[in-house]
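Colleague: So in our numbering the end of the sequence shown lands on 435, straight run, no missing numbers.
First the structure, then my questions, so here it is.
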Amino acid sequence: MKRYKSVFLKWFCLLTVCILVLIIMAGNVLAADFTGKVQIKQGNEISKGTIFVLGPKYCLELVQYGEKGRIIVDTEKNATTIIVFSEKEYMNISSDDMISLMNNPFQSYQYSLTLGEEEFMGSETLQGYECEVYQIVIADTPALTKWQAKDLGFPIKIAQHGQQKRTIEILDIEEKPIDPQVFAIPEGFSKWVDPESLPGKTPEWADDIADAPLLTPPFEENMGAGDIIRIKIEPGKSLAVKAEGISESGAVARVIPFKGTISVKDELRFNNFAKKEVICVRNHEMSSEADELVIRVYEGNVTLLAKWMGMFEKEASAGEEIRYPISGKEYITTRFINLTEETAEAAFAYYQNGKPMEDDTPAKYKTITLKNPWNVNSATREAKGDELVIKVNTGKMQIKLGQFDPFEF
């Protein structure tokens, strides 16, 4: 399972690069066939790669953080394939998947168009190509600028403005036929398996759980290596756990949700909250997915502090609506679980003074779809207006949400 964890982190790095590619390609119907060198600048960091464009498809090869990757995008099929060579694995996602568009450091050019307006800024020549310059403005602030090469039908430069300034440019462009094999998955590569979809296993130390003390927060407890504490999950509450008095040699401690004697995920998938820089960990699991939260110290000695956090929690079926009052500007933590054998779907909207707020965000980005039984969706959402309204459209869900300061225990 360590292997799955490392692969997952590598995929996340490559997803960031995938968004860069989506930004470059957004808005093109058909481009000329060509290849070129890609240079990505952010601050003092520079990443380099090669891009191949063949009609509606393009492929970016890049080495990032020592990891060689290939990103293949088919704009006609709205499909993206990410290949990691060291693991001989690949992953398929939709090019406009919310994971790609919203959970990365910046949004794609195409998605940004739904949030602002595109303005024509004039013409400019880059690398001998006449370019039309366009800029997306969101809330009167420049967000992205692209230089679209007219003869190529493709942007050869993108500049991202704001706090995360980043420039993507295609250099040494060569117009020539592209080998279609560039877009094929290499022989012997297998499809990546999301570790979140893998069932948990019974840890070697699981026999010790039954004899461990069952405590009710809030409490403070001194714990050493091998010590275990159990906490029953309670409706409308999430657990916050903090480690103090960490031994000089360091410590490793985790909070692991259990259903019976089985961990809901592999134990190594849960963060070590005994690192000195960690404020605390918060567990939002609900009774439909776990029975207990088991705290175990793997290494070192710690003083453990645990407390409950009040959260809103409710089961809701198709046609039912949840209205959550928003207090302040702290982000809203949400968790949805599918309680049916079929697809469950819910939509959310922000309200102010009892009325829906104006929002140009496409409906699919405000919809939670859980296709399989016990699927979970967890996200942190912006606090806007004075009320978050969630309506279940199909199926049945267990829903939990709340606001808290992430920098305080």
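For every residue, glycine included, the Cβ atom is placed at its ideal position computed from N, Cα and C.
1. If you pair each beta-carbon of the stretch 338 to 351 with each one of the stretch 239 to 255, do three or more pairs fall below 8 Å?
2. Can you find the residues in the same chain that come closer than 8 Å, C-beta to C-beta, to L396, ignoring five residues on each side of it along the sequence?
3. Please give the ranges of any beta strand (DSSP E) in the stretch 297 to 362, keeping only runs that are unbroken, at least 3 residues long and fully inside the region.
4. Only counting the same chain, and skipping five residues up and downstream in sequence, which positions put a Cβ closer than 6 Å to that of G276?
5. Would you give the residue range spanned by the beta strand (DSSP E) that A277 belongs to?
6. Report buried or exposed for R280, applying the criterion of at least 16 other Cβ atoms within 10 angstroms of its Cβ.
7. Would you kindly work out how many angstroms separate the C-alpha atoms of V208 and G81, rounded to a whole number?
8. Could you tell me which of I109, G62, G179, I254 sits nearest to F215, measuring between CA atoms?
9. Please report the straight-line C-alpha distance between I194 and D166, rounded to a whole angstrom.
10. Taking 8 Å as the threshold (C-beta atoms), are C306 and K263 in contact?
11. Assign L319 to one of two classes, buried (16 or more other C-beta atoms within 10 Å of its C-beta) or exposed (fewer than that).
12. Excluding sequence positions up to five away, which residues of its chain have a Cβ less than 6 Å from the Cβ of E293?
13. Report the CB separation of T151 from V159 in whole angstroms; it is logged as a contact under 8 Å.
14. Measuring straight from C-alpha to C-alpha, what distance separates A175 and K291?
15. Determine the DSSP secondary structure at F430, reduced to helix, strand or coil.
16. Comparing alpha-carbon positions, which option in E413, R322, N398 lies nearest R349?
17. Could you give the first and the last residue of the continuous beta strand (DSSP E) run that contains E270?
18. Compare the beta carbon distance of L427 and A332 with 8 Å and say whether it is the shorter of the two.
19. Helix or strand or just coil, what does DSSP make of D385?
Modeller: According to the structure shown:
1. no
2. For the purposes of this step, residue 396 is taken as residue 370 along the sequence shown, with counting starting at 1. Contacts found: F362, I363, N364, T369, A370, E371, V402, N403, G421, M423.
3. 307 to 309, 318 to 325, 328 to 336, 338 to 343, 347 to 351
4. Here residue 276 refers to the residue found at position 250 when the sequence shown is read from its first residue. Cβ within range, chain order: G326.
5. By 1-based counting over the sequence shown, the position of residue 277 is 251. Note, A277: premise wrong, no beta strand (DSSP E); not H, not E.
6. Here the question's residue 280 lines up with position 254 in the sequence shown. Buried, because 16 or more other Cβ atoms sit within 10 Å of the Cβ of R280.
7. As a first step, residue 208 must be located in the sequence shown, where it is residue number 182. As a first step, residue 81 must be located in the sequence shown, where it is residue number 55. Distance between the alpha carbons of V208 and G81 is about 13 Å.
8. In the sequence shown, counting from the first residue as 1, residue 215 sits at position 189. If we check each option's Cα against that of F215, I109 comes out closest.
9. For the purposes of this step, residue 194 is identified with residue 168 of the sequence shown, where counting begins at 1. For the purposes of this step, residue 166 is identified with residue 140 of the sequence shown, where counting begins at 1. Cα-Cα distance, rounded: 23 Å.
10. For the purposes of this step, residue 263 is identified with residue 237 of the sequence shown, where counting begins at 1. For the purposes of this step, residue 306 is identified with residue 280 of the sequence shown, where counting begins at 1. Taking 8 Å as the Cβ cut-off, K263 and C306 do not qualify as a contacting pair.
11. Your numbering for residue 319 matches position 293 in the sequence shown. So L319 ends up on the buried side.
12. Reading the sequence shown from its first residue, position 267 is the one you call residue 293. Once the five neighbours on either side are set aside, the close Cβ partners of E293 are P229, I282.
13. One-based indexing of the sequence shown puts residue 151 at position 125. One-based indexing of the sequence shown puts residue 159 at position 133. Actually they do not touch by this definition, with Cβ atoms about 11 Å apart.
14. On the sequence shown, residue 175 is found 149 positions in, with the first residue counted as 1. On the sequence shown, residue 291 is found 265 positions in, with the first residue counted as 1. Cα-Cα distance, rounded: 48 Å.
15. Locating residue 430 in the sequence shown gives position 404, where the first residue counts as 1. Of the three classes helix, strand and coil, the one that applies to F430 here is coil, per DSSP.
16. Counting from 1 along the sequence shown, the entry for residue 349 is found at position 323. Minimum Cα distance to R349 is reached at E413.
17. Numbered from 1 along the sequence shown, position 244 holds the residue referred to as residue 270. Note, E270: beta strand (DSSP E), 263 to 270.
18. By 1-based counting over the sequence shown, the position of residue 427 is 401. By 1-based counting over the sequence shown, the position of residue 332 is 306. Their beta carbons are not under 8 Å apart, which means L427 does not touch A332 by this criterion.
19. Stepping through the sequence shown from its first residue, residue 385 is reached at position 359. Note: D385 maps to coil in three-state DSSP.
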